[in-house]
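These notes concern the structure reproduced below.
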Amino acid sequence: MKISGSRIQSFLRQPGTEISAVLFFGPDQGLVHERAKELAKLYVDDLKDPFRVAELTSGGIKSDPASLGDEAAQVSMSGGQRVIFIPDATDGISEVVAALLNGPGGGAFVILLAGNLAPRSSLRNLFEKSKNGAAIGCYGDDGKGLEGVIIETLGRYGLTVAHDALGFLVTRLGGDRLVSRMELEKLALYVGGNPSKGADTTVTLEDAQASVGDSAQASIDLVTYSTVGGDAHGLDRAFERALLDGTSPIGILRAVQMHLQRLHLALGMVDGGMPPGKAVDNLRPPIIYKFKGQFQAQLQFWRTDRLVQAMGLVTEAEIDCKSTGMPSVAVCHRALLRIAQAAHGNRR
Numbered sequence: 430m431k432i433s434g435s436r437i438q439s440f441l442r443q444p445g446t447e448i449s450a451v452l453f454f455g456p457d458q459g460l461v462h463e464r465a466k467e468l469a470k471l472y473v474d475d476l477k478d479p480f481r482v483a484e485l486t487s488g489g490i491k492s493d494p495a496s497l498g499d500e501a502a503q504v505s506m507s508g509g510q511r512v513i514f515i516p517d518a519t520d521g522i523s524e525v526v527a528a529l530l531n532g533p534g535g536g537a538f539v540i541l542l543a544g545n546l547a548p549r550s551s552l553r554n555l556f557e558k559s560k561n562g563a564a565i566g567c568y569g570d571d572g573k574g575l576e577g578v579i580i581e582t583l584g585r586y587g588l589t590v591a592h593d594a595l596g597f598l599v600t601r602l603g604g605d606r607l608v609s610r611m612e613l614e615k616l617a618l619y620v621g622g623n624p625s626k627g628a629d630t631t632v633t634l635e636d637a638q639a640s641v642g643d644s645a646q647a648s649i650d651l652v653t654y655s656t657v658g659g660d661a662h663g664l665d666r667a668f669e670r671a672l673l674d675g676t677s678p679i680g681i682l683r684a685v686q687m688h689l690q691r692l693h694l695a696l697g698m699v700d701g702g703m704p705p706g707k708a709v710d711n712l713r714p715p716i717i718y719k720f721k722g723q724f725q726a727q728l729q730f731w732r733t734d735r736l737v738q739a740m741g742l743v744t745e746a747e748i749d750c751k752s753t754g755m756p757s758v759a760v761c762h763r764a765l766l767r768i769a770q771a772a773h774g775n776r777r
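Quick note on my numbering: the sequence shown kicks off at 430 and runs consecutively.
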């Protein structure tokens, strides 16, 4: 069965007795691992227990197809449910896994972790159509979902977060759940959060900017301003730098989308009669000082209808990155190049 949207959290709390295996897949590998671990802890308290937790690889299963069934049939020497992890699941083991799902079952609960599987993936289709298995796609956090992760993670350290700091963090995080958690934990330590205290300390915008702003963000800013400013050559250099810094194509697309949305908001203020400089100053979180001039210049050559078209291109590119077999780097770069070319044309 396919589990998505609001059903995911309730499923992870209570998957049902008929479910014997779950596939987690998607571009957000941090979220894939976090959800897999959360589910496994329903069955085994200590995930390091060698008697109740086992790990098999796709390569090992392909070399010895019987190994999965044999491992699933083993009984824990210490009692209790056993869990089997397959951390690198691929379509190459679909037939072996199908035999397990369609058979009498071995007693162990099987958790498979995979990368971004296309809709036509045999493994993904197997789980989405199975009565005894479930497939859960894991995509980067955004919007309200990301706000919830930020509030929940900082709350563990007895911290609340100011509204403008929350807005800033939403623009900086979200591509990978594990990376987001690590950045938020670093921020909590920077502020001096303590899990044993109540929520008596507030994370300010200044705190967030000092802790989360890094070299990777600098390269993303260069991609964003090169794209929307119409500098195709600068975009190529900045795009390569951002990838080398570890930013995902989807993370880059979301940063550009956020910039376009903020430009759209500011342009609406200008169209309403507000001076461009004041419109830029009214944005929250604020535009970083060194980029204010570029942002204000972009207000001069972008129109509302063309911004809407550009945002549509970014949305389509993110969908393509998630749901097709197309290379995400190429999809992302092509969309940004089209926007940069449009911006260059706008400036004439």
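C-beta atoms are modelled at their ideal positions from N, C-alpha and C, and glycine is treated no differently.
- Here the alpha carbon of residue 707 sits roughly 18 Å from the alpha carbon of residue 593.
- Assignment of beta strand (DSSP E) within the stretch 576-658, counting only whole runs of 3 or more residues, yields 588-590, 630-632 in chain order.
- For a cut-off of 8 Å, the C-beta gap from residue 641 to residue 590 is around 12 Å, too long to register as a contact.
- In terms of Cβ geometry, residue 733 and residue 696 form a close pair [threshold 7 Å].
- Within the stretch 488-524, the complete beta strand (DSSP E) runs of at least 3 residues fall at 512-515.
- Counting along the chain, residue 542 sits inside the beta strand (DSSP E) bounded by residues 538-542.
- For residue 639, the closest of 620, 653, 630 by C-alpha to C-alpha distance is 620.
- Annotated three-state conformation of residue 480 is coil, per DSSP.
- Looking at the DSSP output, residue 454 bridges to 566.
- By the CB criterion at 7 Å, residue 457 and residue 605 fall inside the cutoff.
- Under the three-pair Cβ rule at 8 Å, the stretch 674-690 does not count as touching the stretch 572-589.
- Cβ contact annotation for residue 649 (same chain, cutoff 7 Å, sequence separation greater than five): 671, 676, 681, 684, in chain order.
- In this structure, residue 523 sits away from residue 497, with a CB-CB distance that is not shorter than 7 Å.
- About 5 Å separates the beta carbons of residue 513 and residue 483, which is inside the 8 Å limit, making them a contact pair.
- For the set 767, 687, 701, 554, the Cα lying nearest the Cα of residue 724 is the one of 687.
- Between residue 556 and residue 452, the CB-CB gap stays under 7 Å.
- DSSP, read as helix, strand or coil, puts residue 466 in helix.
- If you draw a 10 Å sphere on the C-beta of residue 751, you find 16 or more other C-beta atoms in it, and that means buried.
- Taking residue 646 as the centre and dropping the five residues before and after it, the same chain places the C-beta of 601 closer than 7 Å to its C-beta, in chain order.
- Assigned with DSSP and collapsed to three states, residue 431 falls in strand.
- Annotated three-state conformation of residue 744 is helix, per DSSP.
- Straight-line spacing of the CA atoms in residue 538 and residue 578 works out to 28 Å.
- DSSP places residue 679 in the helix class (H, G or I) of the three-state scheme.
- DSSP places residue 674 outside both helix and strand once states are collapsed to three, so it counts as coil.
- Assigned with DSSP and collapsed to three states, residue 752 falls in helix.
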